[in-house]
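Data block below; observations after.
Chains as they are written, first to last, in my numbering: chain Y, 477 to 628; chain U, 354 to 462.
Right under this line is the structure:
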């Protein structure tokens with residue numbers, strides 16, 4: 477007999493799937509499409525000035541606090557400042573690549589530091605840091621991202 | 354039926370986010386998400402945690418995080434918080450400008 481929480485989860489999933497299917501062909505609110513910038517292409521990931529990105533990219537309002545709150549326990553980050561420095565260090569030292577974010581369905585630029593298993597993502601225009609965390613499955617996770625240009 | 358038989362993926366995630374936005378009073382058919390990011394954490398049901406922002410028809414912007422409530426045994430948008438002065442905060446973001454166009458049908462002035 478499955479636990480009640482499992483049954484409730486299954487029920488919730490059925491409800492949202494039915495609701496989404498009834499309301500529109502593509503369930504959920506639209507994610508605004510973003511035109512490809514000259515700085516990157518679908519098939520490649522031209523080199524970028526990682527020093528500039530690490531220095532100038534910013535977290536959107538409230539985003540750093542939220543991300544530290546959710547991912548802060550994954551690494552040796554005492555506070556949001558240390559977490560932010562780790563995100564920027566990953567940009568400087570990690571291998572850069574592009575991929576399609578699964579939920580957003582937009583292209584992102586990723587940076588992966590294999591030695592520390594650290595991942596940072598920024599928007600295609602390189603203005604915003606969108607996340608930083610340590611993937612559960614390490615390097616494999618960035619290889620398997622949709623349209624990932626990451627090469628071992 | 355087990356978890357690994359449940360259809361999951363971005364469509365499911367966006368459907369869940371849409372329903373939760375409705376619960377927060379944001380019409381999911383008249384809003385647009387931007388700066389959405391998959392967060393590499395798998396929630397019950399195989400749905401991936403995600404974060405982002407939503408621009409509503411009233412011009413307000415909220416930041417959200419798709420997560421799982423252990424107490425309610427349900428998906429939730431938590432944290433959920435309004436961003437003050439969103440045009441000033443996001444005016445330089447291409448994704449916000451596109452969200453604005455999607456909601457209001459024109460470029461932001």
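Glycine included, every Cβ here is placed at the ideal spot set by N, Cα and C. Remember, predicted model here, so these are calculated numbers, not experimental data.
Is the beta carbon of residue 618 (chain Y) sitting closer than 8 Å to the one on residue 568 (chain Y)? no
Buried or exposed: which applies to residue 492 (chain U), given that a residue is buried once 16 or more other Cβ atoms fall within 10 Å of its Cβ? The shown model of chain U, from 354 to 462, leaves out residue 492 (chain U), and the question about it has no answer.
Give the range of the beta strand (DSSP E) segment to which residue 588 (chain Y) is assigned. Going by DSSP, residue 588 (chain Y) is part of the beta strand (DSSP E) stretching over 583 to 589.
Within chain U, partners of residue 581 (chain Y) - CB distance below 7 Å: 363
Name the residue from U:447, U:375 and U:364 whose alpha carbon lies nearest to the alpha carbon of residue 417 (chain U). U:375
Following the continuous alpha helix (DSSP H) through residue 439 (chain U), name the residue where it begins and the one where it ends. 439 to 443
My output table needs one value for residue 370 (chain U): the three-state DSSP class, helix, strand or coil. helix
Check whether the Cβ of residue 376 (chain U) lies closer than 8 Å to any Cβ atom in chain Y. no
Between residue 625 (chain Y) and residue 448 (chain U), which are expected to be in contact by the criterion C-beta below 8 Å, what is the C-beta distance as a whole number of angstroms? No, residue 625 (chain Y) and residue 448 (chain U) are not in contact; Cβ-Cβ is about 21 Å, not under 8 Å.
Across which residues does DSSP place residue 419 (chain U) in a beta bridge pair? U:403 and U:430
Comparing alpha-carbon positions, which option in Y:507, Y:535 and Y:541 lies nearest residue 603 (chain Y)? The shortest Cα separation from residue 603 (chain Y) among Y:507, Y:535 and Y:541 belongs to Y:535.
So residue 570 (chain Y) and residue 594 (chain Y) are supposed to be a Cβ contact under 8 Å. How far apart are they, rounded? Distance from residue 570 (chain Y) to residue 594 (chain Y) at the Cβ level is roughly 7 Å; contact confirmed, criterion being Cβ atoms closer than 8 Å.
When you compare the CB positions of residue 507 (chain Y) and residue 581 (chain Y), do they come within less than 8 Å of one another, or not? yes
Please decide whether residue 412 (chain U) counts as near chain Y, where near means a Cβ-Cβ distance under 8 Å. Chain Y contact via Cβ: absent.
Beta-carbon gap between residue 381 (chain U) and residue 393 (chain U) smaller than 8 Å: The answer is no: Cβ separation not under 8 Å.
Leaving out the 5 sequence neighbours to the left and right, which residues in its chain are closer than 8 Å to residue 395 (chain U) when beta-carbon positions are compared? 401 and 402
Quick one: residues in its chain with C-beta nearer than 8 Å to the C-beta of residue 420 (chain U), no 5 flanking neighbours on either side, listed in chain order? 396, 402, 428, 429, 430 and 431
Does the beta-carbon of residue 615 (chain Y), which I'm using as the reference point, lie nearer than 7 Å to any heavy atom of the ligand HEM? By its list of ligands, the structure shown contains no ligand whatsoever, and the ligand HEM lies outside what it can speak to.
Please classify residue 557 (chain Y) as buried or exposed, where buried requires at least 16 neighbouring CB atoms within 10 angstroms. Residue 557 (chain Y) is exposed by the Cβ-count criterion.
Do the CB positions of residue 633 (chain Y) and residue 584 (chain Y) come within less than 8 Å of each other? Because chain Y here runs from 477 to 628, residue 633 (chain Y) falls outside it and cannot be looked at.
Residue 607 (chain Y) versus chain U: which residues are under 9 Å apart at the beta carbon? Chain-ordered, the chain U residues with CB closer than 9 Å to the CB of residue 607 (chain Y) read 390, 391, 392, 393 and 404.
With a threshold of 7 Å on Cβ separation, who are the neighbours of residue 606 (chain Y) within its own chain once the five nearest residues in sequence on each side are excluded? 584, 597, 598 and 599
Tell me whether residue 627 (chain Y) is buried or exposed, calling it buried when 16 or more other Cβ atoms sit within 10 Å of its Cβ. exposed
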